[in-house]
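In our numbering, each residue's number is its place in the sequence shown (first place is 1) plus 9. The C-beta atom is built at its ideal place from N, Cα and C for all residues, glycine as well. Have a look at the structure below before the remarks.
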Amino acid sequence: MHGHAPPARPQGASSAEVQAALASAFAGADITVTDDSASHAGHAAAGEGTHFSVRIVSPRFAGLSRVASHRLVYDALRPLIERGIHALVIDTATP
């Protein structure tokens, strides 16, 4: 009888990876990334690199609704979200 290994825990992402993905998608933007994972210790999905807050100031958000601007951010971070980012607080603004 073969034992079954528990499912692999998502690896999350580093602040640097989040910063790089956003800088690539929003060239020239003012971007601040904060890893909030430590403040969620004990939470079911908590782990290093799983909870982030991001603030992005970019002209790309001009004329967009909050939902539309957040969608651009989610699209830029999709590969990292799939790796295990569980929570993302987004603050977008125009210069």
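{"Check": "Please list, in chain order, all residues of the same chain as S67 whose beta carbon is under 6 Å from its beta carbon, the five residues on each side excluded.", "Outcome": "F35 and A38"}
{"Check": "What does a CB cutoff of less than 6 Å around H79 pick up in its chain, not counting 5 residues either side in sequence?", "Outcome": "I99"}
{"Check": "Enumerate in chain order the residues of its own chain whose CB-to-CB distance from D45 is below 8 Å, with the five nearest sequence positions on each side excluded.", "Outcome": "H60, F61, S62, A96 and V98"}
{"Check": "Please confirm whether L73 and A30 have their CB atoms less than 8 Å apart.", "Outcome": "no"}
{"Check": "Quick check: Q28 and V42, are their CB atoms within less than 8 Å of each other?", "Outcome": "yes"}
{"Check": "Determine the extent of the alpha helix (DSSP H) in which L73 is found, giving its start and end residues.", "Outcome": "Taken as a continuous stretch (DSSP letters only), L73 belongs to no alpha helix (DSSP H), as it is neither H nor E."}
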